[in-house]
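Heads up, the thing below is written out as C-alpha cells.
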DNA sequence: TTATATCCTATAGTTAACTCGAGGTCAAGT
DNA sequence: ACTTGACCTCGAGTTAACTATAGGATATAA
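Protein chains in written order, with the numbering used here: chain A, 1 to 137; chain B, 138 to 274.
Shown next as C-alpha cells:
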C-alpha cells in the first residue's frame, strides 16, 4: 500500500506544504518518486513521519531531527547516538510534563478564584487573602 | 518591596528585552515609573507576570493575553470572561497533557527498541517484529 | 564631578516553521 | 485531443516572539 502526498497530509493532519517543506529540509530522503517525479509514500515512510511528529512534539527543532534521519541512513554504526537521543528526549518530555503540571495547578487555582468571585459578584471576596497564605492570588 | 527590570528578569528567567517587549505589547499597563522614567515593579506586578508566563505555557498567544490584561482593568464587569478564559485554558492544557503522554509513550518505546538493538549490536534483532503486532517500529 | 552601570525609546534584524503564488507537468476521464 | 485536478519546483512572503543596536538619560560610587 502506498500513499500520495495529500493522503499522507490528511492522515497526519498536516498540509502538503508542510510535507514538501520537511522534504526540502532533509527529513524525507527515503520517499521515492514516480517516473513523473511525484512522491510515493510507503507504509514505513508514514511511520517515520509519525516519529518525526513525535520528536517535534518533544520540542526538537527540525535541524536536529535531520541529524537523526541521517543516522538512520548510516545503519548500525549510529545505534548509540540514536539511543542517546531518545534518552535525552525522554528527559526533555519529563521536564515538560512537570512544567505543564505547574501551569495546570495555577490555572486550576484561578478557576476556583474566579468561580468564587463570580458567585459573590465581585473580586473583593478575595481581598483578605494574600497574607503569605499562598504564593499566587 | 519593589524591583528593577533586571531584577524581575532574573526572578522570572526572562531577559530585560523580553520584559520591555511585553510592555510594548500591552501586558504591563500597571507597572509604574520613577520621575526619571524607569520602570518600578511591585510585588503584584511580579505576580501578574507569573500569571502571564502561565498563560503563555498554556499555549496562549500574547495578543490574547493582552485581552485578559484589559479585562483586569475593567473590574468586576469582566469576571465572567476571565472565568471562561481560565476554564478554556484548563481544557487546552488537559489536551496538551494527553498529547505529551502519547509522545512519551512512543519515545519510551523507542528507548526500549534501541536498548535491545544496542545490546545485540544490530537493528536486525527487530526484523521479525512489525507484523501488525504494534503500530510503531 | 566624573566614571560606570543600568536604565530608557525607537527601530531594525533574526529565527523557526511554515505558507503561498507563479508557472509548469502529469495522468485519468470524456 | 482536451480538460481537470493533483502534483511538481523555486522563491518569496508571513507570523510570532523575541533579540539586538544606536543614541541618549539617570543614578550611584570614588
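Built from N, CA and C at the ideal position, the CB exists for glycine as well. It should be emphasised that the depicted structure is a prediction, and the values quoted were computed from it without experimental measurement.
Outcome for residue i when other beta-carbon atoms lying within 10 angstroms are tallied against a minimum of 16
i                      : result
residue 9 of chain A   : buried
residue 110 of chain A : buried
residue 117 of chain A : buried
residue 98 of chain A  : exposed
residue 158 of chain B : exposed
residue 123 of chain A : buried
residue 233 of chain B : buried
residue 240 of chain B : buried
residue 138 of chain B : exposed
Proximity test, Cβ basis, 9 angstroms: residue i and chain A
i                      : result
residue 199 of chain B : no
residue 162 of chain B : no
residue 213 of chain B : yes
residue 149 of chain B : no
residue 264 of chain B : no
residue 175 of chain B : no
residue 276 of chain B : The shown model of chain B, from 138 to 274, leaves out residue 276 of chain B, and the question about it has no answer.
residue 241 of chain B : yes
residue 231 of chain B : yes
residue 144 of chain B : no
residue 156 of chain B : no
Residue-level contact to chain B via CB, residue i, 9 angstroms cutoff
i                      : result
residue 117 of chain A : yes
residue 82 of chain A  : yes
residue 114 of chain A : yes
residue 97 of chain A  : yes
residue 73 of chain A  : no
residue 42 of chain A  : no
residue 50 of chain A  : yes
residue 86 of chain A  : yes
residue 33 of chain A  : no
residue 107 of chain A : yes
residue 89 of chain A  : yes
residue 2 of chain A   : no
residue 123 of chain A : yes
residue 15 of chain A  : no
Close-in-space but distant-in-sequence residues of the same chain around residue i (CB under 8 angstroms, 5 per side omitted)
i                      : result
residue 143 of chain B : 153
residue 34 of chain A  : 40
residue 160 of chain B : 168, 176
Chain-order list of residues whose beta-carbon lies under 7 angstroms from that of residue i (same chain, five-residue window excluded)
i                      : result
residue 19 of chain A  : 5, 8, 9
residue 197 of chain B : 226
residue 73 of chain A  : 29
residue 26 of chain A  : 66, 69
residue 256 of chain B : none
Close-in-space but distant-in-sequence residues of the same chain around residue i (CB under 6 angstroms, 5 per side omitted)
i                     : result
residue 78 of chain A : 71
residue 55 of chain A : 65
Q: Identify every run of the alpha helix (DSSP H) within the region 58-85 of chain A, keeping only runs that are complete inside it and at least 4 residues long; order them along the chain.
A: Qualifying alpha helix (DSSP H) stretches, in chain order: 62-73.
Q: Taking only runs that begin and end inside the region 7-62 of chain A, name each unbroken beta strand (DSSP E) of 3 or more residues, in chain order.
A: Listed in chain order, the complete beta strand (DSSP E) runs (minimum 3 residues) inside the region 7-62 of chain A are 39-42.
Q.
In chain order, what are the residue ranges of uninterrupted beta strand (DSSP E) at least 3 long that sit wholly in the region 83-114 of chain A?
A. none
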